[in-house]
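Enquirer: Numbering (my numbering), first residue to last: -1 to 889. In this text, a Cβ means the ideal position worked out from N, Cα and C, and glycines have one as well. Because the structure is a prediction, the values reported are computed rather than measured. Pasting a structure below so you can have a look.
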């Protein structure tokens, strides 16, 4: 009997069925060891010695594996076919060696790109050794991320209170978002006009023609800069005669895009299906690990963390057979198509993402998949099979039309495209109810011209002139940001969604209508790093470091040489900031973030002058809970506002104090609009008994009137009695957004506005939808998803659990909610410690709870018996060190 180690329990179950009784398959549940989130886990002065920690849950699993290996004939490491998978195998082997479980037993490493019986059997027949250069690349990457996070983050905490962390890839990615926001702020729109002629052919068919030349000069989008110029051209066309001077038809071939990589799959799923990258990877993971089809669990797609764009030869052959059967022989090209990645630093070691069986069409297994799984599999299948199909053949017709007037000659151009042979487009338009084209096929291929002949006169129907303004570049979506990261060589496929999740979790960015908007604290962090750590947020520097890590993985560089070179420069830079004064930081940030800190005022007054006292100068201030704008005349003038707010629709409108909105019709207390450190709010009455309600995100202060204030203060409001239970349904705003509440159970609403307008029928429907997926009952214990180990500071287990309102991190009596688009399995001890600390701070609790008190009490007993001052003083020193370590844990 041989022991096989894979990563997930679902995979273990499937592979055990494939291999039979001569094998016993265990799951490692991902990584079994990690660097403890505290100082000293990586020691540059000791040749970058790394100290690894096994968490409690992994200890149990490793003991089971070790016990099985002792009684087995050999060990087979079959973790995922990427760098992380190689590292997990290495960790397992290291632990088993320390437990002396291996002795002289043979150890093999096998990899398979798909979880099918054939793929697994082929892998078992071709074992290899652990790829040490790939492990070295993992060690270098892990050490670099640790050294940056645990050395740069404390600088932020000291010099920029409220900032949470910085990271090697995270900070550069954040810079992309903040740079785009700065571009948008500095953008100055330009006016331009378009003129379109609506014409009719000699046969009576209508078509459109656009400007091409004016008096022999070529035009472009910006040629007509104002209404007068556009009006002049329009007048000339209205008084002109039109004749076709030439008609040219050119054949056009359009080749299919390559199969999906991790990045392109996330982009397409976001654009076409509306999936967040993290959600896409969760669904893809399930499709990869396997679905029960035909009574057997089978992997439906190949490994989904890859930047390779080429399929294996046998897959290409299979796809060509499927194309011939499904579409016809004329859709199969003479030779298979070969693709090469254009991404910077792409690794071609893995296949592109493709179906494991091209004969398994999406419609054939639709009943076996849930809606999200079907949509993603359909997307992958179509893209993969289209990649090996014939090119689409089109005819692009261009007609040149001359408009002759009394004073000027204007050239117009009309064009259209006709599909002569669908080719790969047939994969996307195979069904009549699915006419949407793939994201790469954005051209308007259905637009066609009527039959036109040279010399033919055309009749004018109407001439339109339309004003336009240039627009700033759009904010990044998660998908477009990932695409940019890939182009620049920042990060790797396995890290994209985790990096975005980190930025959102730390409130550096937020999603607003699927666009990434930098929060004020995110812009502050980026500005600070650009001023004082510019090299480490440069795109080229980060990409060149990624290149070195890739060179380590192919054996051409030694990993410790790369670490030494980086650390010598980085540590010197860190030391250089020790004497940095807060005033220097504020001066630099005031200058770099001027549009954010001092936005222009509508009345044209100096945006740096305090609007309350009129004599003080506004400046960025750093407080315990973050940054804000305050007056230099403090404490005589107590004006403050949140960063990024200005004007009539902001807190500045309340600079002279509370604004009275009217009285409450029931209590006759005055309702006022006010502003505080955490933003504007409405208040009814005065003193401790006054009721307050914050202004929801997206609402402007200028829009808050007496009616809106009454609505806010009346929350939660009764919607009506549930028709089945008779119990009242209420609607309100909570820390997780708008909701309806019935019989102690909450259901989320789509928007804040719905809280005030939702009726009984809609509320009942929302509650019913929630009940269809109720989660656990109130009395049922939360399901433990992952045990992370002991809290490094106060002790006590930290666990990832699945609660009735979703997954969360638990430590003692503190529960920290995991954001919706973050995979609970991706949470590690470092992230969990930070989340626990943040939750405890918000709730005013002490980290540790009862477990910490017991631990403290146990330590106090010996000290009480000895009654020595020296001992007590000594006992306090470790506590001081622990405080410092806790800060580093939040890196």
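Along the chain, where does the beta strand (DSSP E) that runs through residue 411 open and close?
Expert: 407 to 419
Enquirer: How far does the beta strand (DSSP E) with residue 262 in it extend, from its first residue to its last?
Expert: Per DSSP, residue 262 belongs to no beta strand (DSSP E); it is in the alpha helix (DSSP H), 260 to 266.
Enquirer: Check whether the Cβ atoms of residue 329 and residue 384 lie closer than 7 Å to each other.
Expert: Taking 7 Å as the Cβ cut-off, residue 329 and residue 384 do not qualify as a contacting pair.
Enquirer: Since residue 575 and residue 530 should fall inside the 8 Å C-beta cutoff, what is the C-beta to C-beta distance between them, to a whole number of angstroms?
Expert: Between residue 530 and residue 575 the Cβ distance is about 6 Å, and since that is below 8 Å, they are a contact.
Enquirer: How about residue 395 and residue 247: are their beta carbons less than 7 Å apart?
Expert: yes
Enquirer: Does DSSP put residue 704 in a helix, in a strand, or in coil?
Expert: helix
Enquirer: To the nearest angstrom, how far is it from the Cα of residue 309 to the Cα of residue 348?
Expert: 9 Å
Enquirer: Let me know the secondary structure DSSP gives residue 93 once reduced to three states.
Expert: helix
Enquirer: In whole angstroms, what separates the C-alpha of residue 205 from that of residue 241?
Expert: Straight-line measurement puts the Cα of residue 241 at about 14 Å from the Cα of residue 205.
Enquirer: Counting pairs of Cβ atoms below 8 Å between the region 492 to 509 and the region 464 to 482, do you hit three or more?
Expert: yes
Enquirer: Quick check on residue 697: does DSSP put it in helix, strand or coil?
Expert: coil
Enquirer: Let me check one thing: in DSSP terms, what residues is residue 658 bridge-paired to?
Expert: 670
Enquirer: Which residue spans inside the region 266 to 307 form an unbroken alpha helix (DSSP H) run of at least 4?
Expert: 275 to 287
Enquirer: Just curious, the beta strand (DSSP E) that residue 466 is in, first and last residue?
Expert: 455 to 467
Enquirer: Assign residue 367 to one of two classes, buried (16 or more other C-beta atoms within 10 Å of its C-beta) or exposed (fewer than that).
Expert: buried
Enquirer: If residue 727 and residue 739 are in contact, beta carbons under 8 Å, what's the gap, nearest whole angstrom?
Expert: 7 Å
Enquirer: State buried or exposed for residue 382, treating a residue as buried only when at least 16 other CB atoms are found within 10 Å of its CB.
Expert: Buried is the call here.
Enquirer: Skipping 5 residues on each side, what residues in its chain have a beta carbon closer than 6 Å to that of residue 515?
Expert: 508
Enquirer: Helix, strand or coil for residue 507 per DSSP?
Expert: strand
Enquirer: By Cβ distance, which residues of its chain are closer than 8 Å to residue 830, with the 5 residues on each side in sequence left out?
Expert: 786, 796, 798, 807, 809 and 814
Enquirer: For residue 663 and residue 635, I'd like the C-alpha separation in whole angstroms.
Expert: 34 Å
Enquirer: Tell me the DSSP secondary structure of residue 336 in three-state form.
Expert: Per DSSP, reduced to three states, the secondary structure at residue 336 is coil, with no helix or strand assignment.
Enquirer: For residue 171, which residues from the same chain have a beta carbon less than 8 Å from its beta carbon, with the 5 sequence-adjacent residues on both sides left out?
Expert: These residues qualify, in order along the chain: 479, 483, 488, 489, 497, 498 and 501.
Enquirer: Go to residue 800, then tell me how far its beta strand (DSSP E) extends in each direction, as first and last residue.
Expert: 795 to 801
Enquirer: Does the separation of the CB atoms of residue 625 and residue 522 fall below 7 Å?
Expert: Taking 7 Å as the Cβ cut-off, residue 625 and residue 522 qualify as a contacting pair.
Enquirer: What does the alpha-carbon distance come out to for the pair residue 454 and residue 491?
Expert: 56 Å
Enquirer: When you compare only the Cα positions, how much space is there between residue 370 and residue 503?
Expert: Rounded to whole angstroms, residue 370 to residue 503 spans 24 Å at the Cα level.
Enquirer: Rounded to whole angstroms, how far is the Cβ of residue 299 from the Cβ of residue 375, which I believe are closer than 8 Å?
Expert: The pair is a contact, with the Cβ atoms about 7 Å apart (cut-off 8 Å).
Enquirer: What residue does the beta strand (DSSP E) around residue 75 start on, and which one ends it?
Expert: 72 to 75
Enquirer: Does the Cβ of residue 185 have 16 or more other Cβ atoms within 10 Å, making it buried, or fewer, making it exposed?
Expert: exposed
Enquirer: Counting only the same chain and skipping the five closest in sequence on each side, list residues whose C-beta sits under 7 Å from that of residue 353.
Expert: The answer, listed in chain order, is 298, 299, 378, 379 and 382.
Enquirer: How would you call residue 766, buried or exposed, if buried means at least 16 neighbouring beta carbons within 10 angstroms?
Expert: Exposed is the call here.
Enquirer: Using the C-alpha atoms, what's the distance from residue 541 back to residue 533?
Expert: 12 Å
Enquirer: Closest by CA to residue 54, which one among 824, 38 and 32?
Expert: 32
Enquirer: Straight-line CA distance for residue 57 to residue 824?
Expert: 19 Å
Enquirer: Do the region 26 to 41 and the region 744 to 763 make contact, defined as three or more Cβ pairs closer than 8 Å?
Expert: no
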